Structures are given as structure tokens and as C-alpha cells.
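Novice: Chains as they are written, first to last, in the working numbering: chain A, 1094 to 1603; chain B, 3 to 489; chain C, 2 to 501.
There's a structure below that I have some questions on.
Written out as C-alpha cells, the structure is:
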């Protein structure tokens, strides 16, 4: 154990910040915002420390912390870092402050908003770092509470219903996941993820679950699957997403799409795949088509939207489904060795990070448009913004193209690797998924063209100020990363390549 | 037959004192009382009466034990306990009588009460047919007079008349039954009758005799279907009279009939594990018990008058008491004595509260009790104790009484037999009974007083009586051994 | 430990003192009541801290003959389970008195009834003689009636009578069953241990019959479907402090009775009825949750949610293995605290200020701005009620689910569905009651600030929230009391004879 409990600090500092804000009701707007931002940035600082002592070549969990918590249930408070969690922690460390900056102009109760943001950030970090089911589940569920309130209290007109649906859906899925883990504990006596992965790798877990008899082992798999699938979301459990993302305030949408959707994918990679390789393999032929459906449906639905925020929301479904497409393709594998598998998995991890960055940036841009137009954000409400606000057009354009997957920007590498990998594993799926690519290109370019080009129209007809310094400060880090990881993806892949190689090397084969 | 009159006199000293006391009351009233006003005459009469009752208590406790006068009287533990119980209840009734608003002829009233008490104490110990009838009639006649005592109210006269007519008929039945028994067994001595009957085969004549005796029992205890007099008497009679009828009369009657049935006709008891009526009088008694519980409880549900409610509840309690009588041979008389005695205390208390409440306004309907908690917290608290004891709520005495009786009944054949079913029915109906008891308490403790309701001043004697009764109920409820150890 | 019986005596003494103090002033009565309740709770906590589990199970505290004629003894005993529930009682009682701080009318009598009820409850949790158990159980019935009938709100007379009669009917069934067992065992003793020993020789038919009576009687008080209808009506009608106690603790009397009396005495009966009870419990969880979802009265939502949570308790008890039963006892504690919080907010904080409990009215009041403390407390209570990790409901429900998997996987699935339904109706209640549509035109007659939250209310809320968070984060504080108790021979016999 390291001398400094870095991981605990990463998780709990944002919460400490929230507590501090809660105990100071008299703190003014500026003080609240500044405090919140400071605590949110602490994650970035600590992540830097963590990277400093992180060794990518070691594929086990580093900076681990283990404490007894509930001995009667063999539950420990266990935190650990590997390549997968590291990039997600980095992502959170970036998107968190970005979301706060995006909400800087929010007039209504900034202290409360800051509290919720910090709790949300802390919970997300906890999800990415916890290695025992009970603390993991605690962070998983607790993240819903601030998200709910952020949507409910600062959201648009349809916010109450969207927030309600979002929370009930997710808790519903979680209830079945809880049920599944209850069975796992009953048969194995442990809830520790690394321990369970070991048991699954040599088949012990499957045989223990088989003692439940009948179809119950499958029910356990389904329960855990359901809890994760709702969160990502995997088609067809996605119906809560468009409203939730669209009604949420800007900062919350950025965090939701940037970080929270990754919690679901992380769950698939950290829990479902290692613990249930055989059931996942058996279900993959069906699941992979669900992922493809998500890709295609997300893109085509986005095409049909006239509300820009909904458009980006649906495109999130599309982009995150790529990650699951890669995973399900890999779990279809029946023979060892596979550059295809490596490629797919690496692409999925990259895509998680990159999509987070570009989607957050896109939501921010839509937010900018909304703020200039007095609340309107339809496709037809703007025209010729490029002329009115060239800097904004530049930044937004970069974000759009990054989302599109233009080579040279960060979105390209991940998608490319995924497609390359999946082509080697499930060519037909790749072919159909390409439709999604085309549709994505279509609507993103439509966005670009209708809003930014042409004569100044709609909200842009009148006064349309360019980006303020604050807004530039929010976008610059994101855009910079788009370029950086577009040109030098190895900065990221270096962190997790050995891990992916280890995964591929130990692929559970039927 | 051993005619040791000295022994007899010593044994019957309590009765002698009671009679002497009654005469003293009358005498004092005729002499000194002429110069006093009504309230003072009442006080004087009550004081002398209470004194004589207390002396009778002491003498009953110190009296001889065992058979006396050749078996005509038996002062076993049951008898002694009943004598003490009856006297205690009479004392409480005298306390209740002190609350009378406008007492007239109070000396006569107290004297007749004392005569009734004499009858009760005799009933507790007799073991011979002739003396039984004598004791019973002494008690009953006194009660008829007491019921019709309030000449100013037509209800009281009606009550007295009804009671007398019913009672007379029942007495006739009893006497006829007794004569049949004498014909069959050839003796008027209960133990001898018992021996002879157990040797004889069952005859229809015996069945007829037993049936008649059961009729008389039913009447005395206000058990269905011989209960029709009870609601009217409880409602019409003066409050203290009703209290006496409900309490001491019932206790004495229970003892009387328990002894009569088990000592005299134990051999013909029959079997209650089957429902055949031919086996003896137990099934018949069981039927009376069941009917009483049903009619009593369901009847009470519909009542608007507090006294009629108490009457129907008395009928229901009689049914439960009969369960104890049925089991008395098997488990002893302690449960049924305890139940009857504590039931008596609670009833006297309830009537006492009504008597005091009547001083400041009519107290006929249940709703007349509204707001009692504000009009007189003392009365409300005492009423709560009495009513909850009647309902059978621990830690009050009524609870243990019911518990012991039900346990005794179940020992007659487990839950499967008819006695078991009776016990289950009794338990179920007591849940029902809680409803109407809570209705009474609701008026007293929950409902706000009516607009024109006045506070009630509680006279000292009555207040002391009520508090003493409540304390006894609590005491016996928490330490039932105090009463059970008398056995 | 030996001081535990004093919880009973202190409560009864406190009742009498409060009645007398009430003659002086309501404030005096309150203070007396609070001191008594806190003292009793303190005794319980000290006993818990010093507790050393005994492998034989119950540790005798008092054992003197009482009514030798029937073999009845005044016998008090405790194990970890009793301790857990006694601690809960003390906590709920103290918080309940804090939330009843504003009672002015007949305050002395209110606190007298309240403390009598609490004394009876302590007695039930500590009894080891069936007769004594029953006596304390019935002592608790009458104060309930008066608390609701005199100080309650909606439909109070009907609700009070229904609650009292159902409770009494349930206890009558229990009486019949216990008497039957006593008589069949030879009529020698009412001690629970002796009755269990005698019952092990009864025929299967006898055991099943006795179990049916006793379990049914207790299950009525625990609010098992379909005998639960008294609970929402009664709890809604009751004043806040009483509802906290009724839903929080008194319903647990029924579950405790099942656990302490029905299961150990008649394990054959349990084995016979187990599938039915499991399914009734699970149906109760879901059904009550669905009914809660469509209520338009705030307090009814909480009332039905209590029935739903008690379904979890009964589910755990019926599964009859150590894990499930320990979860059930933990859930008893957890729900006791959470129900207290929920009723406190709905009744005391909201209703007594806004004088309405209809969602249609509350929706327009934007209460999270006008009563922010109440909103925060209710959100926390709601999250705890949903089984959110970090609060006491989560380890309880997890443990129950693990235990029930062992016995009936299908029931586990339906129970998980119940968790979903609970989230739905709780969230709806939070949303509509506190975070309704932002104020447009103010509702007629509803302008101006609402009375602030008093110190008493804040203290009570902090106590309860502290308890649920503490147990949520460190459930072993209680599980270490409960699990050894379940290792005793009595319970082991149940688990072996009870599991199918």
C-alpha cells in the first residue's frame, strides 16, 4: 500500500468539498462556484500523482487499498487502479471541471448545484475504482441521486418526467443486479471482483452457480446484465436517455454523456465479461446485433431530430454502442490469438475516452447556441453562425468532426480500431454498422451546414456574440485534447495496452 | 344427623350478624333517624350496615371449616372464599349506594341489602336441598324488593315485577326438580344424592329433574335462553340494586350451582367430548353457555343504553363463567371463583360510576357519558379500569379470569372437543366484545363533553369505594395468587 | 444486561409521572416523558455495549414464580435479537416524543398512553414466558386506541377502532394457539423453552394447527397481506408520534412474535406453510408498493410503504435460514427508523404546517423552498426507504435476498421487483410533494412563510438519520448481536426442521 491513500483521496475529496459547501449556507455565488471548481480539479491533480506511480506493464491492480468493512458479509472496502480505470478517472477529472465551468453562468442556487456536481463526480470516481460489489454498488446507486436532482431542479420543462424515468429505470435494472449478486454471494461467499474473476477464470464460479439448479444461473447472468445494460444504455433499454440528456442543464448533460454512460460500459468490462464469460459468449450472437441496432438506430434517430440537443443525445447512443459492439464481438471469439480482438478492445477503451471528450464538447456547444438564442435549440433556429461567431464555429466544427471520426482528431482512432477489430470477428455486423457511420456523417454535417453556413438567420440574425473568455476556457482543454489524442493516441494507449494484451491472452474460450 | 346447634351457630355467626345489623339499621332509623334529613339517614344506615358486613367478614374468615350440622353446610375453601367475596361485594355496593341522589327509605334499602347478603352467604355453603331452596329464596326475594325499590319510577316497578315473575317461575322449577330428585335418590343431602345417583342407571325422570335445575340456574345467572329479565332489571332498578344483582348474586349463584351440580349430580354429568345430550347435563350446560355468549355479545352491540349494555355483557360473561363451572370438577373451582369475584368487582365499579354520574344529570344512554374525562377525571379513570377489566385486558383482573377459565375448558378435551370449540368461540367473541366496551370508553375518554355538561362532584364515600374497587382489580390482576391462594 | 427490565419499569413509572405532570403543564409532561424514554433507551444502549453472546441463546434476566397454580412465571430474558429491538424501541420512542413536542391538548394523558405503550413493547421483547409475552402484548393494545382516537386526524375513530380490533383479534388467535399448546403439553408451564420442548412431542397435525393460529395472529399485527388493511388506515389516522411508534415498532411485535414464539415452538407448522407464507409476503411487498404508487394522500403512501417493507421482514422470517432471518431482524430495525423518519416528515413537518396531505395541493406549494429542512430529511428518508446503499435498508435487503435465494429463487425475483416498485413510489412522493411545479400564481390562502422547523424536530430527525446512516455504513454493529442469537440450539432446530 502506498503511503498516501491516493485512490481514497480521489474518491472522497469531491465529497468532502460537497460537505464543505453544504455546511456553509452563507457562501455567495462566486465563492460556491470557486470552491466547487477547486475540489473538482483536485481529481485532476491527484490523477497526475496516480499516473506518476502507475506502471502500465503491471496488469494487476495498483495503488490498491483494502479495509475490512462488513465482516459478516465478507465485504471489504477495496479500491484499485488499472489501465481501464485510469483512463476513466482521467476522463472524469476532465469532464467534471468542464461541466462546472459550463454551469458558471447558472444563476439559480449555484451552491446547491456545486454540491450535487461534486457528489456526482465523487460517486463516478468511486464506481471506477471500487473493487468489491458493496462499495461499487453504493457508488453506482448514489450517483443517481445528484444526477436526478440536477435534471429535476435546473432542467427544462420536461425535466420532472425525464428525471423520474431515468432514476426509476436505472434503479429497476440495479435491483435485478442486486438480486444476481445476492446469488453470487450465496454460492461463493465473496463479493470481491478480482476474487470472483479468478473463480470465473478456472470455471469455479460457473460450477458454483450451477448449484442453484435449473435456469437460475442464467437468471443471475441476466440480472447483472440488465443492471448494466440499462445504464449504458444498450438498445432496447435506451428510452430514458434522450429525454434525460435533453432536459438536463448543460453541465449535467456533459457529465451524463461524458462519464455516466461510461460507467455502464465499465461495468460490462469489469464485471460482466470477467465473471460470466461463457454466458456472455452464448448470448453474444444476439447481443452483438443489439449493439449494432443501437449504432444504427442511434444514428438514424439522430438524423430525424430537429432539436439539436436530442440529436447529440441520440448520437451518444450510437457512439457508446460501438464500445459494446467491440466487446460482444470479442466475446464471440472461439480460437486463441487475435490481433482483431486486441484491436477491438483497444478501440473500445479509446472510444470511451474520446467520445466522452467530444460529446461533452458538443453538448457545450449546443448550450452556447441555446444561451444566445434565448432557449431555442432547433435545427432551423440558426443560420450562418460562422459569420457571426467565427471562433465558436471553429471550436464547434472541430468537435463535430471529432465526433464524426475525422482522421487527425481523437474520434477517428477509436472507431477505426473498433471497426478493424470487429471486421475480423464479425464481418456482417461491421457492414451493417457502417450504415451508422454514414448516418452519423449525415446528421453531423447537416448540423454543421444548417447552423453555421448560409446566410445569417434565426437567432443569428440579430446580435450573436462570440465566445466569452469563460466559454473559451471551457472549450480549449477539450479541443486541445481532441487534437492531442488524434495525433498522439499512444499517449492513451500506452496506459492500457498491456492490460488489453493480457485480456486477449487470457480470453476464456469455450 | 348430627344436630350440633352450637356448632351451627358458630358457623352461621356472619349471617346472624348481618340480620342483627339489618334490624339495627331499621331500629336506629325509626328512633334517631326521625330527626335527621334524608342524606343523614342514608349515611347512618350505610354506616351501620357497613359495620355489620365487616364484622360478618371477620367472622366468616374465623369460622369453622368442613362439614357442619351433619353435612347440611359445607365450609370448604370454595364456600369460605365465596362468603368473603360476597361480603366484600356487598360492602362495595353499600359504597355505591352512598351516591344516591335523593335517597328515600334508605334504612329499609340497606336492611334488605343485608338480608340479601345473608341469603348469599348461606347459598355459598349449603349442601342440602331444603336449605338450598331457603337460601336461594331469601336472596331472591330480597333482590326482587331491591329491584322495585324506587317507587317513584315506573321502570323500577316494572323491573321488580318482571324479576319477581321470572324468579318465581324459576323457583318453582327448582323446587319441582328438587322433589323429583328426592324421589329418585331418597335423600336431601347432596353428597348422599350424589352417591346414589352415580349408582343408579340413568332415568328419564332424572333427566327432567336436571333440566329443571338447569332452568333455574339459567335464570339465576342470567344465562340464555333464560336471560330475558336481565336487560329490564339492570335498566330499571336503582343503581345499587342492579350492582348487587350483577355482582354478589352472580358469585353466590355460581358457587351454589357448582356445588349443586357437581356434588349432587356429578355422576350424571355426562361427557362433553361428544355432543350427545343424552349423556348428562354437561352438554346442556355447554349449550346454555354457547347461547349466552352469542346472545350476550351480539345483543350488546346494538345497545344505546349503558345499563342494557352492561346487562347483555353480563349475559355474555355468564356464558363464560359456565365454562368454568363445566371444568370445575377437573381443575377445581379456583378459576371460576376468581372470574366471578373479579367480574363482580368490575361490575359494581361500573354501576358505581353510573350512580355518581347520575347525580349531575341523566346517565341512561352511552352518549350521556360524553366528556367524562373532563367532567370528572377520577370517574373516567375508574370507569376505564372497570370496563377494560370486563373486556379482559391485562394487567387487570378480568384478563386472568378469562384466561384461567379458557385454559380450564380446554383441558376438558383439547381444542378438538366441543369444550375446546366453546373456548375458541369465547376467545373470538371477546374480541368482538372489545368493540362495544371501547365504544363506552370512547364516549368517556375521547368524545368532548356536550355543551351543557356540568362537572361531576364525587362524594367521598363513593369515591373511596370506586378507587378501592379499581385498586383491587389492578392488584388481583397483577397478583392473582392473592385470590387463588384461598383455595 | 440485568438492568434491561428497568426499561419496562422506567416507562411505566414515566407514564404515571407524565400523567401527574400533565396536571401542572404540558411542558412538564413532555419533559418527564422525554427523560423516561431517553433513560430507558440509555439502559438499552449500555446493555448492548456490554453484551456478551451466550451460545445457549436467551440469557435470563428475571425468573420468579408468578401464578404457580398455572405454572406461570415472571420470566424475562434477552438475546441479541431482543437487544436489537429494544434499542430500536428506545430510539423510536425518544424521537417520537421529540416529534410530539407540540402537543398541548391533554398532553399529560398523551404521554401517559405513549409511555404505557412503550413499556408494553419493551415487555414483549424481553418476555420468555408465553403468558407474560401475551400480557405485555395486550397491554400495548388499549393505549394505541386512545392515542389515535383522541389525538389523531383523518377518520380517527374508525381507524383507531379498526386497529384495536384487528390487533385484539390477532392476539385472540395467538391466545387460542398458546393455550392449546399449553394444555396439550400437560398444563405445567408457560415458559417458552418448556413449551418448545413439549411441542416437539406433538403430532404433526397438532403442530400445524397451533402454528396456524399463532402465526396468523402475529402476522395480522405484522401487516401480512391480506390482513394488512388496518395498517394504512390506522397509521394515517394516528398522530405523528404515534404513527412513528406504530409503524416503526408495534408492527415489529408481530414479526417478533413469529420469530420468538411461532417458529421455535412449531417448526413443523412452518415447514408446512412455508411456501404460502413466502408468497404472501412477496405479494404483499409488490401489491402494497403498487397501491402506494396511486395514492393521492401523502400519509397513505407511507402507510402502504410500511406494509411493503414488513413484507420483506416476513419474507426473511419465512425463508427460515440464518442469513435470511438475520436480514429480517436487521430490516426490522432499519424500517423502524426509516418509517419513523417518513411519518415525522409527513405528519409533523408538512401536515401540521400546511394542513393538507393531498398531493394535488402539495404539488403547488413548492415545499423544497419553504421547508428545505423537511425536504432534505424526506429525500434522505426516501433514499433509505428505497434501499439505497449507505443507509440501513440496503444491507438488510441484501441479506434477506441472499437468504431467500437459498429457499425460493422465484420469490427473490419478485422481491427484486418490489425494490423497483419502492423506488417508483418513493420517488413520486418526493417529486410531487416537495418539488412540485415551480410556483406560478400562489395557491389561494397559502401564501407567506410556514412556521420554522423547531429544535425538537431537528433533534429527532438527526437522531433517526444518524441511526440509519450508522447502521447503513456499519451493519455489523447490529449483525454482531443478531447472528450469535441465531446460532442457539433453538433457532438451529428451526432452520433444520424448517428448510424444505
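Glycine included, C-beta positions come from ideal geometry on N, C-alpha and C.
Computed from a predicted model, the values in this text were never measured in an experiment.
Pop quiz: residue 252 (chain C) and residue 222 (chain C) are said to be a contact at Cβ under 8 Å. What is the actual Cβ separation, rounded to whole angstroms?
Specialist: As a working mapping, residue 252 (chain C) is identified with position 251 in the third chain. As a working mapping, residue 222 (chain C) is identified with position 221 in the third chain. Rounded, the Cβ-Cβ distance is 7 Å, consistent with contact.
Novice: On the three-state DSSP scale, how would you describe residue 130 (chain C)?
Specialist: Numbered from its first residue, the third chain carries residue 130 (chain C) at position 129. Residue 130 (chain C): strand per DSSP, three-state reduction.
Novice: Among B:96, B:209, B:302, B:324, which has the Cα closest to the Cα of residue 2 (chain B)?
Specialist: Residue 2 (chain B) cannot be examined here, being either before or after the span of chain B that is shown, 3 to 489.
Novice: Taking 8 Å as the CB-CB limit, is residue 333 (chain C) close to chain A?
Specialist: Stepping through the third chain from its first residue, residue 333 (chain C) is reached at position 332. It does not; no Cβ of chain A falls within 8 Å.
Novice: My understanding is that residue 1491 (chain A) touches residue 1502 (chain A), with C-beta atoms under 8 Å, so please give their C-beta distance in whole angstroms.
Specialist: Looking up residue 1491 (chain A) in the first chain gives position 398. Looking up residue 1502 (chain A) in the first chain gives position 409. About 7 Å separates the two Cβ atoms, so the contact holds.
Novice: Note down, in chain order, each residue of its chain lying with its Cβ closer than 7 Å to the Cβ of residue 114 (chain C), except the 5 sequence neighbours on either side.
Specialist: Mapped onto the third chain, residue 114 (chain C) falls at position 113. The answer, listed in chain order, is 144, 147, 148.
Novice: Quick one: grab the DSSP three-state call for residue 452 (chain C).
Specialist: By one-based count along the third chain, residue 452 (chain C) stands at place 451. Correct three-state label for residue 452 (chain C): coil.
Novice: Between the Cα of residue 458 (chain B) and the Cα atoms of B:411, B:357, B:400, which residue gives the shortest distance?
Specialist: In the second chain, the residue the question calls residue 458 (chain B) occupies position 456. Residue 458 (chain B) has its Cα closest to that of B:357, out of B:411, B:357, B:400.
Novice: Using C-beta distances below 7 Å, list every residue in its chain close to residue 445 (chain C), excluding the 5 sequence neighbours before and after it, in chain order.
Specialist: Counting from one through the third chain, the residue named residue 445 (chain C) turns up at place 444. Because residue 445 (chain C) sits at a pLDDT of 47, beneath the cut-off of 50, its placement in the model cannot be relied upon, and the point is left open.
Novice: Along chain C, in chain order, which residues have C-beta atoms closer than 8 Å to that of residue 437 (chain B)?
Specialist: On the second chain, position 435 is the one that residue 437 (chain B) refers to. Going along chain C in sequence order, the residues near residue 437 (chain B) (Cβ under 8 Å) are 162, 166.
Novice: How about the segment 363-370 of chain B and the segment 398-408 of chain B: do they share at least three Cβ pairs that are nearer than 8 Å?
Specialist: Touching, no, given that fewer than three Cβ pairs across the two stretches are closer than 8 Å.
Novice: Is the segment 211-231 of chain B in contact with the segment 166-181 of chain B, if contact means three or more CB pairs nearer than 8 Å?
Specialist: Yes: the two stretches touch, three or more of their Cβ pairs being nearer than 8 Å.
Novice: Looking only at C-alpha atoms, which of A:1505, A:1252, A:1111 sits nearest to residue 1581 (chain A)?
Specialist: Within the first chain, residue 1581 (chain A) is the residue found at index 488, counting from 1. That would be A:1505, whose Cα lies nearest to the Cα of residue 1581 (chain A).
Novice: Quick one, which of C:189, C:154, C:369, C:140 has its alpha-carbon nearest residue 165 (chain C)'s?
Specialist: Here residue 165 (chain C) refers to the residue found at position 164 when the third chain is read from its first residue. Nearest of C:189, C:154, C:369, C:140 to residue 165 (chain C), Cα basis: C:140.
Novice: For residue 442 (chain C), I'd like the list of residues in its chain whose CB is within less than 7 Å of its CB, leaving aside the five on either flank, ordered along the chain.
Specialist: Stepping through the third chain from its first residue, residue 442 (chain C) is reached at position 441. Bear in mind that a pLDDT of 49 at residue 442 (chain C), under 50, signals an unreliable position, so the number given afterwards is only what the model happens to contain. For residue 442 (chain C), where only same-chain residues beyond five positions count, there are no Cβ hits under 7 Å.
Novice: What's the C-alpha gap between residue 1204 (chain A) and residue 1215 (chain A)?
Specialist: To locate residue 1204 (chain A), count along the first chain from 1; it is residue 111. To locate residue 1215 (chain A), count along the first chain from 1; it is residue 122. Roughly 17 Å between the two C-alpha positions.
Novice: Would you verify that the beta carbon of residue 136 (chain C) is, or is not, closer than 8 Å to some beta carbon of chain B?
Specialist: Residue 136 (chain C) sits at position 135 when you count from the first residue of the third chain. By this cut-off, residue 136 (chain C) is an interface position.
Novice: How would you call residue 297 (chain C), buried or exposed, if buried means at least 16 neighbouring beta carbons within 10 angstroms?
Specialist: Here the question's residue 297 (chain C) lines up with position 296 in the third chain. Result: exposed.
Novice: Among C:245, C:172, C:120, C:231, which has the Cα closest to the Cα of residue 14 (chain C)?
Specialist: Working through the third chain from its first residue, we reach residue 14 (chain C) at position 13. Closest by alpha carbon: C:120.
Novice: Just by C-beta distance, which residues in the segment 377-403 of chain B are closer than 8 Å to chain C?
Specialist: Residues passing the 8 Å Cβ filter: 390, 395, 396, 397, 401, 402.
Novice: Could you say if the segment 208-217 of chain C and the segment 173-181 of chain C meet the contact criterion of at least three C-beta pairs nearer than 8 Å?
Specialist: Verdict: yes, contact present.
Novice: With H, G and I counted as helix, E and B as strand and the rest as coil, what does DSSP make of residue 1 (chain C)?
Specialist: This structure gives no information on residue 1 (chain C), because the portion of chain C shown stretches from 2 to 501.
Novice: Cβ closer than 7 Å: which chain B residues qualify as neighbours of residue 280 (chain C)?
Specialist: Residue mapping note: residue 280 (chain C) aligns to position 279 of the third chain, counting from 1. None at all; the shortest Cβ gap to chain B is about 27 Å.
Novice: Within its chain, find whatever has a CB closer than 6 Å to the CB of residue 1434 (chain A); leave out the 5 residues flanking it on each side and keep chain order.
Specialist: Taking the first residue of the first chain as 1, we reach residue 1434 (chain A) at position 341. 1423, 1426, 1597.
Novice: Please classify residue 17 (chain B) as buried or exposed, where buried requires at least 16 other C-beta atoms within 10 Å of its C-beta.
Specialist: Counting from one through the second chain, the residue named residue 17 (chain B) turns up at place 15. Looking at its Cβ environment, which holds 16 or more other Cβ atoms inside 10 Å, residue 17 (chain B) is buried.
Novice: When DSSP builds the beta bridges, which residues end up paired with residue 359 (chain C)?
Specialist: Position 358 of the third chain, counted from the first residue, corresponds to residue 359 (chain C). Answer is C:298, bridged to residue 359 (chain C).
Novice: Would you call the segment 1324-1336 of chain A and the segment 1261-1269 of chain A in contact, with 3 or more CB pairs under 8 Å?
Specialist: Yes: the two stretches touch, three or more of their Cβ pairs being nearer than 8 Å.
Novice: To the nearest angstrom, how far is it from the Cα of residue 47 (chain C) to the Cα of residue 60 (chain C)?
Specialist: On the third chain, position 46 is the one that residue 47 (chain C) refers to. On the third chain, position 59 is the one that residue 60 (chain C) refers to. Approximately 16 Å, taken between the alpha carbons.
Novice: Can you name, in chain order, every residue of its own chain whose Cβ lies under 6 Å from the Cβ of residue 142 (chain B), other than the five neighbours on each side?
Specialist: Against the second chain, residue 142 (chain B) aligns to sequence position 140. Here the set comprises 169.
Novice: Let's see if you can read the secondary structure: which residues bound the beta strand (DSSP E) around residue 1157 (chain A)?
Specialist: Position 64 of the first chain, counted from the start, is the residue given in the question as residue 1157 (chain A). First-last of the beta strand (DSSP E) with residue 1157 (chain A): 1155-1163.
Novice: At a Cβ threshold of 8 Å, is residue 71 (chain C) touching chain B?
Specialist: In the third chain, counting from the first residue as 1, residue 71 (chain C) sits at position 70. Closer than 8 Å: yes.
Novice: I'd like to know whether the C-beta of residue 433 (chain B) is nearer than 8 Å to at least one C-beta of chain C.
Specialist: Taking the first residue of the second chain as 1, we reach residue 433 (chain B) at position 431. Residue 433 (chain B) counts as touching chain C.
Novice: Between which two residues does the alpha helix (DSSP H) holding residue 73 (chain C) run?
Specialist: Within the third chain, the letter at position 72 stands for residue 73 (chain C). Note, residue 73 (chain C): premise wrong, no alpha helix (DSSP H); beta strand (DSSP E) at 73-79.
Novice: Using a Cβ-Cβ cut-off of 8 Å, state whether residue 186 (chain C) counts as contacting chain F.
Specialist: No chain F appears in the structure shown, which is made up of the protein chains A, B and C.
Novice: State the CB to CB distance for the pair residue 1304 (chain A) and residue 1280 (chain A), rounded to an integer number of angstroms; the pair is presumed to be in contact (CB under 8 Å).
Specialist: As a position in the first chain, residue 1304 (chain A) is number 211, starting the count at 1. As a position in the first chain, residue 1280 (chain A) is number 187, starting the count at 1. With a Cβ gap of about 6 Å, residue 1304 (chain A) and residue 1280 (chain A) count as contacting.
Novice: Select from A:1199, A:1314, A:1383 the residue whose C-alpha is nearest the C-alpha of residue 1267 (chain A).
Specialist: Here residue 1267 (chain A) refers to the residue found at position 174 of the first chain. Closest by alpha carbon: A:1314.
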